[in-house]
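Structure record follows, encoded as C-alpha cells.
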Amino acid sequence: MTAAPAPASATADSLATQKTYHLDYADWDPADPASASSRRFIASLQEAMVGHGFFYLFNSPLSHGPRREGMYDVVSRFFALPLEARQRITIDRSPHFRGYTAFGDETTQNRQDLRDQVDFGPHAPEPLPRTRDEIEGRAEKTNWKNLIGPNQYVPDDEVPGFERTVRQWFHEASRVSEGLTEAVECALGVERGRLGSYIKGKDHDEGRYQYARMKIIRYPPGQQVDGVQRDAHSRQGVGAHKDSGWLTLLSTSPVDGLEVQDLHGRWINVPYLAGSIVVNFGQQFENLSHGLIQSATHRVISNPSSVAPRYSVAWFSFPALDTVFARPLADDEIGDDIKRHYERLRGGWDVVSDVEKGDLFAKFGEEFGEVAWKGLVRSHQGVVRRWYPHLVVQS
289 MTAAPAPASA TADSLATQKT YHLDYADWDP ADPASASSRR FIASLQEAMV
339 GHGFFYLFNS PLSHGPRREG MYDVVSRFFA LPLEARQRIT IDRSPHFRGY
389 TAFGDETTQN RQDLRDQVDF GPHAPEPLPR TRDEIEGRAE KTNWKNLIGP
439 NQYVPDDEVP GFERTVRQWF HEASRVSEGL TEAVECALGV ERGRLGSYIK
489 GKDHDEGRYQ YARMKIIRYP PGQQVDGVQR DAHSRQGVGA HKDSGWLTLL
539 STSPVDGLEV QDLHGRWINV PYLAGSIVVN FGQQFENLSH GLIQSATHRV
589 ISNPSSVAPR YSVAWFSFPA LDTVFARPLA DDEIGDDIKR HYERLRGGWD
639 VVSDVEKGDL FAKFGEEFGE VAWKGLVRSH QGVVRRWYPH LVVQS
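683 is the number that the numbering used here gives the last residue of the sequence shown; the numbers go up by one with no jumps.
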C-alpha cells in the first residue's frame, strides 16, 4: 500500500475543532447498548477507532468536579516539594518500576524527555513469589513478575492525601477503562466479554495478574530545572511514541503541548477542553484488530518560555500480564459496520507515522507481561542498572 494523499482541504490543526472526536460518556449505557444514546456513542467511537485513534471523552468520572480538583491539588503540591523530598521515592529504589523519575532521566527513542513524573501500578503490598532468575531479570519469559509489587508514596505530612487520592483515581480509571472496553466490543461487533477477557486474566493462588500503570507528570518551564540544564536544541517533553498497552486515559492541565499525528503524518494540537479527558488506543488493540483500531502516534512539546508548568495524570490499562497472545480477532468475528468505517477513511492506504508500526506488538505465544517489561526496561535504564545490570543498553 502507499501513503494516503492529503485531502484537498487541509485537516484542522486542532482536535478541539473536530467534533467527530468529541464523545459523551453519559451516552454510553452498557446495560442497554441498543438504546439511541448508546448507538450514538458507538457510532462516534467507531469513527475515532479507525481515524486518529484519539478522542475527547466528556462527562466521565475523571473529567471534572472534586475528584479532578483533589488530584491536581496533590499533583501541584508534590512537584512543589524540594528535589530531595521527591527523590526519597525515586524509581531507582523500586525493582517494580514504581516511583519518581527526575527531570531528564527518562528517554523516548533514545532522546531525553524534558519532564519529571511519578509512576504507580496496581496496589500490591508485597512482590510476587519469584525464582532467583526472575528476581534478577534472567528468566526470559517470566521477567514480568517483577512488575507486581508495592508503590511508593510520600507521607501525608508532606502532601496531605497523596496515597488516598492516587489510589482513588487509579480505581476510578479502572472502571472507566472497563466500560470503554465493553463499548469497543460493541463497536467492533464482537461477542460481549471477548475483549474483557484479555484484561481480566486468569485465576491464580496469588489472585489475577491484572495490570495498569499511572503517572503524574510535570513539564516544567525554564532553562534550568532542579539544577539540570535544559537541552537548548530540544523541545521534547516526551518524544513521538505509541502507547504499548490497551487504553490510555489522560487528564491534563490547561497548558498546551500534546499533539497527535493524523493519518497523513501531520501533527495536530490536542488542547485542554474543560470537562473532558483524552482517550487513546494502545498497540495491543491495533494488533488484535488487524489494524482496524488505530494506535495513534503522539508527543508532548515542552516550551521553556511557558508561564506555567504543564501537569497531566495518565492512566494506562494493559492486558493481564499472563494473558497469552494467540492470534488477532478472526475476520468473521468483526462486524460489517466497523469495516465500512475503515474502508471509507483508510481503505487501501497506509497510515503515515513517525513510529514504526508494531514496535511493541505482542508476538504469537508471548505473554503480554513481556511486552510491558520490554517497554519499561528501554525507558528506565536507571532502574535496570541497579536491579538488572545485565540488561543495560550499551551506547
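For glycine and all other residues, C-beta sits at the position ideal for the given N, C-alpha and C.
Nothing here was measured: the structure is a model prediction, and the numbers come from that model.
Quiz prompt | Beta-carbon proximity list for E446, same chain, < 7 Å, skipping 5 on both sides | solution = By one-based count along the sequence shown, residue 446 stands at place 158. The answer, listed in chain order, is L369 and A373.
Quiz item: Which residues does DSSP pair with S539 in a beta bridge?
Solution: Taking the first residue of the sequence shown as 1, we reach residue 539 at position 251. Note: S539 sits in a beta bridge opposite V601.
Quiz prompt | beta strand (DSSP E) runs wholly inside the stretch 299-325, at least 3 long, in chain order | solution = 310-312
Self-check item: Runs of beta strand (DSSP E) wholly within the stretch 589-645 (minimum 3 residues, chain order)
Solution: 598-606
Quiz item: Between the beta-carbon of I565 and the beta-carbon of Y309, is there less than 9 Å?
Solution: In the sequence shown, counting from the first residue as 1, residue 565 sits at position 277. In the sequence shown, counting from the first residue as 1, residue 309 sits at position 21. Cβ atoms of I565 and Y309: not closer than 9 Å.
Exercise. Starting from N431, follow the beta strand (DSSP E) in both directions and report where the run begins and ends.
Key: The residue given as residue 431 occupies position 143 in the sequence shown. Unbroken run through N431: none, as it is neither H nor E.
Quiz item: Between A475 and V595, what straight-line distance do the alpha-carbon atoms span, to the nearest angstrom?
Solution: Position 187 of the sequence shown holds residue 475. Position 307 of the sequence shown holds residue 595. Rounded to whole angstroms, A475 to V595 spans 42 Å at the Cα level.
Quiz item: From this set, G387, P321, L371 and L402, which residue's C-alpha is nearest W525's C-alpha?
Solution: To locate residue 525, count along the sequence shown from 1; it is residue 237. Note that residue 525 is Gly in the sequence shown, not Trp. That would be L402, whose Cα lies nearest to the Cα of G525.
Self-check item: R399 - DSSP class collapsed to helix/strand/coil
Solution: Taking the first residue of the sequence shown as 1, we reach residue 399 at position 111. It is a strand residue.
Quiz item: With 16 other CB atoms within 10 Å as the buried threshold, where does Q306 fall?
Solution: Counted from its first residue, the sequence shown places residue 306 at position 18. The residue in question, Q306, is buried, as its Cβ has 16 or more Cβ neighbours within 10 Å.
Quiz item: Between F366 and the rest of its own chain, which residues show a CB-CB distance below 6 Å, the 5 nearest in sequence each way excluded?
Solution: What you label residue 366 is simply residue 78 of the sequence shown in a count that begins at 1. Within its own chain, the residues whose Cβ lies closer than 6 Å to the Cβ of F366, once the five positions on either side in sequence are excluded, are V447, listed in chain order.
Quiz item: Should M289 go down as buried or exposed, given a rule of 16 or more other Cβ atoms within 10 Å for buried?
Solution: The count along the sequence shown starts at 1 and reaches residue 289 at position 1. Low confidence applies here, because M289 scores a pLDDT of 46, under 50, leaving its location unreliable and the question unanswered by this model.
Quiz item: Would you call the CB atoms of E346 and L311 closer than 9 Å?
Solution: Counting from one through the sequence shown, the residue named residue 346 turns up at place 58. Counting from one through the sequence shown, the residue named residue 311 turns up at place 23. One detail in the question is off: residue 346 reads as Phe in this sequence, not Glu. Closer than 9 Å, so yes.
Self-check item: Residue burial classification, G510 (beta-carbon count within 10 angstroms, cutoff 16)
Solution: The residue labelled residue 510 in the question sits at position 222 within the sequence shown. By the neighbour-count rule (16 or more Cβ atoms within 10 Å), G510 is not buried but exposed.
Quiz item: Given Q334, which residues of its chain have a CB within under 6 Å of its CB, disregarding the five upstream and five downstream residues?
Solution: Your numbering for residue 334 matches position 46 in the sequence shown. Hits under 6 Å: A475, I626 and H629.
Quiz item: Does the separation of the CB atoms of V338 and L580 fall below 9 Å?
Solution: Residue numbering aside, residue 338 sits at position 50 when the sequence shown is read from its first letter. Residue numbering aside, residue 580 sits at position 292 when the sequence shown is read from its first letter. Yes, Cβ-Cβ distance for V338 and L580 is below 9 Å.
Practice problem: Report yes or no: do the stretch 663-673 and the stretch 385-402 share at least 3 C-beta pairs separated by less than 8 Å? | Solution: Yes: at least three Cβ pairs fall under 8 Å.
Quiz item: Among Q582, R399 and E424, which has the Cα closest to the Cα of K645?
Solution: Residue numbering aside, residue 645 sits at position 357 when the sequence shown is read from its first letter. It is Q582 whose Cα lies nearest to the Cα of K645.
Quiz item: For the beta strand (DSSP E) that Y499 lies in, which residues bound it at each end?
Solution: Counted from its first residue, the sequence shown places residue 499 at position 211. Y499 to Y507 is the span of the beta strand (DSSP E), which, as asked, contains Y499.
Quiz item: Nearest to K530 by CA position, among D550, D647 and W603, is which residue?
Solution: Locating residue 530 in the sequence shown gives position 242, counting from the first residue. Looking at the Cα atoms, D647 is the closest of the given residues.
Quiz item: If you count every other CB in all the chains shown that lies within 10 Å of the CB of A298, and 16 or more means buried, which is it?
Solution: The sequence position of residue 298 within the sequence shown is 10, counting from 1. Low local confidence applies: a pLDDT of 36 at A298 is under 50, so the model's placement there is unreliable, with the coordinate-based value given in what follows. Result: exposed.
Quiz item: Around the Cβ of K433, are there at least 16 other Cβ atoms within 10 angstroms (buried) or fewer (exposed)?
Solution: Translated into positions along the sequence shown, residue 433 becomes position 145. With 16 or more other Cβ atoms within 10 Å, it is buried.
Quiz item: Apart from the five residues on each side of it in sequence, which residues of its chain come closer than 7 Å, Cβ to Cβ, to L679?
Solution: By 1-based counting over the sequence shown, the position of residue 679 is 391. Around L679: G425, V665 and V672.
Exercise. For the beta strand (DSSP E) holding Y388, just list the boundary residues, first then last.
Key: Residue 388 sits at position 100 when you count from the first residue of the sequence shown. Element bounds for Y388: G387 to T389.
Quiz item: What's the call for E394, buried or exposed, on a 16-neighbour Cβ count within 10 Å?
Solution: Taking the sequence shown and counting its residues from 1, the one referred to as residue 394 is at position 106. So E394 counts as buried.
Exercise. Use the C-beta contact count for D681: other C-beta atoms within 10 angstroms, 16 or more gives buried, fewer gives exposed.
Key: As a first step, residue 681 is located in the sequence shown; it is residue number 393 there, counting from the start. For the sequence presented, residue 681 should be read as Val rather than Asp. With fewer than 16 Cβ atoms within 10 Å of its Cβ, V681 is classed as exposed.
Quiz item: Should R463 be labelled buried (16 or more other beta-carbon atoms within 10 Å of its own) or exposed?
Solution: The count along the sequence shown starts at 1 and reaches residue 463 at position 175. Flag for R463 reads exposed.
Quiz item: Per DSSP, I565 is paired with what?
Solution: Walking along the sequence shown from the start, residue 565 turns up at place 277. Its beta-bridge partners are L345.
Quiz item: Where does the unbroken beta strand (DSSP E) through I556 begin, and where does it stop?
Solution: Along the sequence shown, one-based indexing puts residue 556 at 268. W555 to N557 is the extent of the beta strand (DSSP E) around I556.
Quiz item: From G437 to G515, what distance separates their C-alpha atoms?
Solution: On the sequence shown, residue 437 is found 149 positions in, with the first residue counted as 1. On the sequence shown, residue 515 is found 227 positions in, with the first residue counted as 1. Cα to Cα, G437 sits roughly 31 Å from G515.
Quiz item: Can the beta-carbon of L435 be found less than 9 Å from the beta-carbon of L535?
Solution: In the sequence shown, counting from the first residue as 1, residue 435 sits at position 147. In the sequence shown, counting from the first residue as 1, residue 535 sits at position 247. Remark: C-beta atoms of L435 and L535 do not approach each other more closely than 9 Å.
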